[in-house]
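Chemist: Residue numbers (full-length UniProt numbering): 1 to 112.
Ideal placement from N, C-alpha and C gives every residue a C-beta, glycine not left out.
Being a predicted model, the structure only gives us computed values, none of them experimental.
This is the structure:
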């Protein structure tokens, strides 16, 4: 089992969710986050005053998948979240040692 964590631009969420559902990934956790990478923020002008925006709004998507589905999920997220512009995001894949569904007690891949 793998945990795939993707940081993406907020307006790409629906496309990514639909693409993941199409390959059989049905559960995900989405968190609104702020951050920066090489983009290092930007400046905005609001009512004539210039403001520096250091942390940009992003979405963090977490999906737990079987190991054999992880590469496909990563490629689907990459393809659907890419705009070609700086700040498209990052994807991290880590192993899951153990999973448990609280309601039923199912464990590991049955819990996904």
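Taking 9 Å as the cut-off, decide whether the C-beta atoms of residue 86 and residue 73 are in contact.
Modeler: In the chain shown, residue 86 corresponds to position 86, counting from 1. In the chain shown, residue 73 corresponds to position 73, counting from 1. No. Outside cutoff.
Chemist: Quick check: residue 30 and residue 91, are their CB atoms within less than 9 Å of each other?
Modeler: The count along the chain shown starts at 1 and reaches residue 30 at position 30. The count along the chain shown starts at 1 and reaches residue 91 at position 91. No, these two residues do not count as a Cβ contact at 9 Å.
Chemist: Exposed or buried, which one is residue 7 when buried takes at least 16 other CB atoms within 10 Å?
Modeler: As a first step, residue 7 is located in the chain shown; it is residue number 7 there, counting from the start. Flag for residue 7 reads buried.
Chemist: Note down the Cα distance separating residue 95 from residue 61, rounded to an integer number of angstroms.
Modeler: On the chain shown, residue 95 is found 95 positions in, with the first residue counted as 1. On the chain shown, residue 61 is found 61 positions in, with the first residue counted as 1. Their backbone Cα atoms lie some 16 Å apart in a straight line.
Chemist: Beta-carbon separation of residue 93 and residue 20 under 9 Å?
Modeler: In the chain shown, residue 93 corresponds to position 93, counting from 1. In the chain shown, residue 20 corresponds to position 20, counting from 1. Going by C-beta atoms, residue 93 is not nearer than 9 Å to residue 20.
Chemist: Quick one, which of 12, 36, 71 and 47 has its alpha-carbon nearest residue 54's?
Modeler: Here residue 54 is taken as the residue at index 54 of the chain shown, counted from 1. Residue 36 is the option with its Cα nearest to residue 54.
Chemist: Would you call the CB atoms of residue 98 and residue 104 closer than 9 Å?
Modeler: Residue mapping note: residue 98 aligns to position 98 of the chain shown, counting from 1. Residue mapping note: residue 104 aligns to position 104 of the chain shown, counting from 1. Cβ distance not < 9 Å, so residue 98 and residue 104 don't count as in contact.
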